[in-house]
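Peer 1: Residue numbers (UniProt numbering): 1 to 595. Each residue gets a CB set at the ideal place from its N, CA and C atoms; glycine is no exception. Below you will find the structure I want to go over with you.
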Amino acid sequence: MTKSLYSTTDTTYTTLAKTYDLNYVKPFLPYLLTATDEGVLVIDVKGEILFSNHRAKKILGWRENCQLIQQYWRKLPQTEEAFSTFVLHHAHQSPSQFELTVADNEGGKRIISLQFAQQQTFFLVMLKDLTEQKQSAELLHDLSQYDCLTRLANRSSFQECLHKAVVRGQHWQRKLALLLIDLDRFKNINDTLGHSIGDELLQQVATRLKQCVRRGDAVARLGGDEFAIILENIYDQNDAALVADKIISGLAQPFELQGRQLFVSASIGITVMDSIHADTETMIKQADIAMYRVKDEGKNHYQFYDSNMSALAEYRIHLETSLYRALHEHQLLLHYQPQVDVQTGDIIGLEALIRWQHPHEGIIGPNTFIPLLEETGLILPVGEWALYSACAQRQQWYQQRNLPPYTSISVNLSVRQLLSGNIVNTVKKVLNATGLAPQLLDLEITESMLMGDIKFAIKELGHLKQLGVSISMDDFGTGYSSLSYLKKLPIDTVKIDRSFIEDLPNDVDAASIARAIVGLAHNLGLNVIAEGVENERALAFLKSLGCDYCQGYLFSPPMAADELLTKFSKIKHQAFIESSLSTLHQYHQPFLQHT
Numbered sequence: 001m002t003k004s005l006y007s008t009t010d011t012t013y014t015t016l017a018k019t020y021d022l023n024y025v026k027p028f029l030p031y032l033l034t035a036t037d038e039g040v041l042v043i044d045v046k047g048e049i050l051f052s053n054h055r056a057k058k059i060l061g062w063r064e065n066c067q068l069i070q071q072y073w074r075k076l077p078q079t080e081e082a083f084s085t086f087v088l089h090h091a092h093q094s095p096s097q098f099e100l101t102v103a104d105n106e107g108g109k110r111i112i113s114l115q116f117a118q119q120q121t122f123f124l125v126m127l128k129d130l131t132e133q134k135q136s137a138e139l140l141h142d143l144s145q146y147d148c149l150t151r152l153a154n155r156s157s158f159q160e161c162l163h164k165a166v167v168r169g170q171h172w173q174r175k176l177a178l179l180l181i182d183l184d185r186f187k188n189i190n191d192t193l194g195h196s197i198g199d200e201l202l203q204q205v206a207t208r209l210k211q212c213v214r215r216g217d218a219v220a221r222l223g224g225d226e227f228a229i230i231l232e233n234i235y236d237q238n239d240a241a242l243v244a245d246k247i248i249s250g251l252a253q254p255f256e257l258q259g260r261q262l263f264v265s266a267s268i269g270i271t272v273m274d275s276i277h278a279d280t281e282t283m284i285k286q287a288d289i290a291m292y293r294v295k296d297e298g299k300n301h302y303q304f305y306d307s308n309m310s311a312l313a314e315y316r317i318h319l320e321t322s323l324y325r326a327l328h329e330h331q332l333l334l335h336y337q338p339q340v341d342v343q344t345g346d347i348i349g350l351e352a353l354i355r356w357q358h359p360h361e362g363i364i365g366p367n368t369f370i371p372l373l374e375e376t377g378l379i380l381p382v383g384e385w386a387l388y389s390a391c392a393q394r395q396q397w398y399q400q401r402n403l404p405p406y407t408s409i410s411v412n413l414s415v416r417q418l419l420s421g422n423i424v425n426t427v428k429k430v431l432n433a434t435g436l437a438p439q440l441l442d443l444e445i446t447e448s449m450l451m452g453d454i455k456f457a458i459k460e461l462g463h464l465k466q467l468g469v470s471i472s473m474d475d476f477g478t479g480y481s482s483l484s485y486l487k488k489l490p491i492d493t494v495k496i497d498r499s500f501i502e503d504l505p506n507d508v509d510a511a512s513i514a515r516a517i518v519g520l521a522h523n524l525g526l527n528v529i530a531e532g533v534e535n536e537r538a539l540a541f542l543k544s545l546g547c548d549y550c551q552g553y554l555f556s557p558p559m560a561a562d563e564l565l566t567k568f569s570k571i572k573h574q575a576f577i578e579s580s581l582s583t584l585h586q587y588h589q590p591f592l593q594h595t
């Protein structure tokens, strides 16, 4: 003890000194007078409050004159006398420390810790406001269980929830479905339009997902643009399919984000647990495999897992690994397919198509590896290489007088290229480097590419048009909003998807669609190219509709540059013959015009 401590002028010391033997009080005075982080009260055995430090007054809501602030603590005794009685009552009980939750005037809740220590002639009461500590603990628990952006369960909470659901399903012998949902082309939106729009999109997606399930179904965000849903107590896989259909439909509606209208689809992989030997890790793996199967087949759909998918998933991983090697070893190459004037049989253009010359598996088609390029981001350097190579090849043929000067070259753009914000500069650079006239370059986009950000896409296409290049819409008729935006798009040509061509003219529905597309395009001043023309009857029917151009195996398959050059004269002659015969074919089978 220091002398200065006992020489204080604080009234507390005076009061205690007059009332009690200092031998009992002295040991506590240093703590009572210097404690700052906890409230301290001294109450005698009669219930009189002998001392209250400033911290205690603040915790209890007392003013400096020890008068209780009216209604500050609604559940605590509202007078000094009542409070001291409260303390005397609880001081003899066990435990001597407990927590009390009270409500303040602002409608909030506060948590107070009270600890009692009885001496011979008085009680020592320690008070501590635990509100912030408790709130921090709750926040940490919240962060450990929930995604801070969407407020859905996070990956850790999801795995725990799935484990419990599997145990319940096995115990009660009830079926359980797991849906893994991955947004299509989300990275393009996030990289191009910024993370603020990407975050807002994820929040809106989370809201729509919750609207597609029952109240008790678990919805989680696993990270990035990947979500999961656990469906317990389902009858069969049709219940899961119903939810998946609702999700596809719900996400098909446009998202309004910061003045932009965006369209987003999702790929959904589903696995159903109906075995007592199932486990969470296996279910996640199976749903993931099914989800990637959807992506490989065109996205915006769902698939149920089956055992055959595992082998395909392993092959996919093998291809992805080999693809990186293919870029360094220049295994990618371009094939070219002629585009023919239906009326004259003249070859007016060539479409450049990427192929993969695998050293062990031979030629691998684009449907197998293009999705991998998209997902890994390699499509940007590969796309630029394809654009440059096709333009350079076209110029080489022209300089060597191998092709007519009016023959154009068509190159496909990926959605990442279009939404990268750099496609205009890339095309400028390629045209300058190769010397190709802009009028001879046709850039092909797919209808679904535009739905990521239609306004931005229209703006970028407008800038490309200003360079003098042509724009074609590939796979026309397979999307879901082309008609509403077609008149706004700065395009020159629509390409009828091969799915509407391959069964012409026997397929009445396909014939009607082809007729409608040709009529619509011509009314808008656009040219029409039909893809996948493989027989004379289809060509004759298209010619009767007034279709402008065709390409397909009837004239030539895609060929490597050297092979195409060797066979060009023969292909040209074949195209002329087929075009001429198609006119005669119409005369002999007029019913084709009325199919």
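Per the DSSP calculation, Val42 is bridged to which residue(s)?
Peer 2: Looking up residue 42 in the sequence shown gives position 42. Answer is Phe51, Leu124, bridged to Val42.
Peer 1: In the structure shown, what three-state DSSP assignment does Gly362 receive?
Peer 2: As a working note, residue 362 is residue 362 in the sequence shown. DSSP places Gly362 in the strand class (E or B) of the three-state scheme.
Peer 1: What is the rounded straight-line gap between the Cα of Leu461 and the Cα of Gln551?
Peer 2: If you number the sequence shown from 1, residue 461 lands on position 461. If you number the sequence shown from 1, residue 551 lands on position 551. Taking the straight line joining both Cα atoms gives about 24 Å.
Peer 1: Relative to the C-alpha of Glu536, which residue among Asn506, Ile248, Ala560 is closest?
Peer 2: Numbered from its first residue, the sequence shown carries residue 536 at position 536. Of Asn506, Ile248, Ala560, the residue nearest in Cα terms is Asn506.
Peer 1: Do Leu333 and Arg355 have their beta-carbon atoms positioned less than 8 Å apart in this structure?
Peer 2: The count along the sequence shown starts at 1 and reaches residue 355 at position 355. The count along the sequence shown starts at 1 and reaches residue 333 at position 333. In contact: Arg355 and Leu333 (Cβ atoms closer than 8 Å).
Peer 1: So Asp548 and Asn527 are supposed to be a Cβ contact under 8 Å. How far apart are they, rounded?
Peer 2: Within the sequence shown, the letter at position 548 stands for residue 548. Within the sequence shown, the letter at position 527 stands for residue 527. Confirmed, Cβ separation roughly 5 Å.
Peer 1: May I ask which residues mark the beginning and end of the beta strand (DSSP E) holding Tyr388?
Peer 2: Counting from 1 along the sequence shown, the entry for residue 388 is found at position 388. Note, Tyr388: premise wrong, no beta strand (DSSP E); alpha helix (DSSP H) at 379 to 399.
Peer 1: Quick check: what's the CA-CA separation for Ser580 versus Gly345?
Peer 2: Within the sequence shown, residue 580 is the residue found at index 580, counting from 1. Within the sequence shown, residue 345 is the residue found at index 345, counting from 1. Using only the alpha carbons, I get a separation of about 7 Å.
Peer 1: Looking at the structure shown, is Asp217 part of a helix, part of a strand, or coil, going by DSSP?
Peer 2: Here the question's residue 217 lines up with position 217 in the sequence shown. Three-state result, Asp217: coil.
Peer 1: Applying the 10 Å Cβ sphere with the 16-neighbour rule, what's the burial state of Leu524?
Peer 2: For the purposes of this step, residue 524 is taken as the residue at position 524 of the sequence shown. When all chains shown are included, Leu524 counts as exposed.
Peer 1: Between Tyr302 and Ile289, how many whole angstroms is the CB-CB distance? I'm expecting something under 8 Å.
Peer 2: The residue given as residue 302 occupies position 302 in the sequence shown. The residue given as residue 289 occupies position 289 in the sequence shown. At roughly 13 Å, the Cβ-Cβ gap does not stay under 8 Å, so Tyr302 and Ile289 are not in contact.
Peer 1: Where does Lys567 land, buried or exposed, given buried means 16+ other C-beta within 10 angstroms?
Peer 2: What you label residue 567 is simply residue 567 of the sequence shown in a count that begins at 1. Exposed is the call here.
Peer 1: Just how far apart, CA to CA, sit Gln159 and Thr280?
Peer 2: What you label residue 159 is simply residue 159 of the sequence shown in a count that begins at 1. What you label residue 280 is simply residue 280 of the sequence shown in a count that begins at 1. C-alpha separation (whole angstroms): 8 Å.
Peer 1: Which first and last residues belong to the alpha helix (DSSP H) in which Asp288 is found?
Peer 2: Here the question's residue 288 lines up with position 288 in the sequence shown. Counting along the chain, the alpha helix (DSSP H) containing Asp288 begins and ends at 280 to 296.
Peer 1: Would you call Met1 buried or exposed, if buried means 16 or more other Cβ atoms sit within 10 Å of its Cβ?
Peer 2: For this step, residue 1 is matched to residue 1 along the sequence shown. Confidence at Met1 is low in this model, with a pLDDT of 34, below 50, so its placement is unreliable and the value that follows should be read with caution. By the 10 Å Cβ count, Met1 comes out exposed.
Peer 1: Candidates Pro558, Asp341, Gln357: which alpha carbon is nearest Leu319's?
Peer 2: Here residue 319 corresponds to residue number 319 of the sequence shown, with the count starting at 1. Measuring from the Cα of Leu319, the nearest candidate turns out to be Gln357.
Peer 1: By DSSP, does Ala437 sit in helix, in strand, or in coil?
Peer 2: The residue you call residue 437 lines up with position 437 of the sequence shown. Reduced to three states, the DSSP call for Ala437 is coil.
Peer 1: Under the criterion of a Cβ to heavy atom distance below 7 Å, does Ala311 qualify as lining the ligand SAM?
Peer 2: Although the ligand SAM was asked about, the structure shown includes no ligands whatsoever.
Peer 1: By Cβ distance, which residues of its chain are closer than 6 Å to Gln417, with the 5 residues on each side in sequence left out?
Peer 2: On the sequence shown, residue 417 is found 417 positions in, with the first residue counted as 1. Closer than 6 Å at Cβ, skipping near neighbours: Gly383, Ile423.
Peer 1: Identify whether Gly552 lies in helix, strand or coil by the three-state DSSP scheme.
Peer 2: Numbered from 1 along the sequence shown, position 552 holds the residue referred to as residue 552. The answer is coil: DSSP assigns Gly552 none of H, G, I, E or B.
Peer 1: At the level of alpha carbons, what is the spacing between Lys109 and Asn425?
Peer 2: Numbered from its first residue, the sequence shown carries residue 109 at position 109. Numbered from its first residue, the sequence shown carries residue 425 at position 425. Roughly 59 Å separates the two Cα atoms.
Peer 1: Taking the alpha-carbon of Gln204 as reference, which of His163, Leu124, Ala177, Thr150 has the nearest alpha-carbon?
Peer 2: The residue you call residue 204 lines up with position 204 of the sequence shown. The shortest C-alpha separation from Gln204 is found at Thr150.
Peer 1: Just tell me which of Ile363, Val415, Leu124 has its CA closest to the CA of Leu378.
Peer 2: Taking the first residue of the sequence shown as position 1, residue 378 is located at position 378. Nearest option by C-alpha distance: Val415.
Peer 1: So residue 626 is in the beta strand (DSSP E); what residue range does that whole segment cover?
Peer 2: Since the displayed the chain opens at 1 and closes at 595, residue 626 lies outside it and no answer follows.
Peer 1: Exposed or buried, which one is Tyr235 when buried takes at least 16 other CB atoms within 10 Å?
Peer 2: For the purposes of this step, residue 235 is identified with residue 235 of the sequence shown, where counting begins at 1. With fewer than 16 other Cβ atoms within 10 Å, it is exposed.
Peer 1: Taking the alpha helix (DSSP H) that Leu545 falls in, what are its first and last residues?
Peer 2: Your numbering for residue 545 matches position 545 in the sequence shown. Leu545 -> alpha helix (DSSP H) spans 536 to 545.
Peer 1: Distance, Cα to Cα, Ile577 vs Leu403?
Peer 2: In the sequence shown, the residue the question calls residue 577 occupies position 577. In the sequence shown, the residue the question calls residue 403 occupies position 403. A straight-line Cα-Cα distance of about 19 Å links Ile577 and Leu403.
Peer 1: Confirm, please, whether the CB-CB distance from Ser408 to Glu444 is below 8 Å.
Peer 2: Taking the first residue of the sequence shown as position 1, residue 444 is located at position 444. Taking the first residue of the sequence shown as position 1, residue 408 is located at position 408. No; because the gap between Cβ atoms is not below 8 Å, this pair is not in contact.
Peer 1: For Trp172, is the classification buried or exposed, using 16 other Cβ atoms within 10 angstroms of its Cβ as the cut-off for buried?
Peer 2: Within the sequence shown, residue 172 is the residue found at index 172, counting from 1. It counts as exposed.
Peer 1: Going straight from the alpha carbon of Ala153 to that of Gly223, what length do you get?
Peer 2: In the sequence shown, residue 153 corresponds to position 153, counting from 1. In the sequence shown, residue 223 corresponds to position 223, counting from 1. Cα-Cα distance, rounded: 11 Å.
Peer 1: Kindly confirm or deny that the stretch 290 to 301 and the stretch 179 to 196 touch, where touching means at least three C-beta pairs closer than 8 Å.
Peer 2: yes
Peer 1: What residue from Thr192, Leu201, Ile454 has the CA that sits closest to Phe255's CA?
Peer 2: On the sequence shown, position 255 is the one that residue 255 refers to. Closest option to Phe255, Cα to Cα, is Leu201.
Peer 1: Out of Ile454, Leu520, Ala516, point me to the one whose CA is closest to Thr192's CA.
Peer 2: One-based indexing of the sequence shown puts residue 192 at position 192. Per the Cα distances, Ile454.
Peer 1: With H, G and I counted as helix, E and B as strand and the rest as coil, what does DSSP make of Gly269?
Peer 2: Looking up residue 269 in the sequence shown gives position 269. It is a strand residue.
Peer 1: How many angstroms separate the CA atom of Gly365 from the CA atom of His335?
Peer 2: Your numbering for residue 365 matches position 365 in the sequence shown. Your numbering for residue 335 matches position 335 in the sequence shown. Roughly 11 Å between the two C-alpha positions.
Peer 1: Give the single residue among Pro371, Leu176, Thr101 whose Cα lies nearest to the Cα of Glu297.
Peer 2: As a first step, residue 297 is located in the sequence shown; it is residue number 297 there, counting from the start. The option with the nearest alpha carbon to Glu297 is Pro371.
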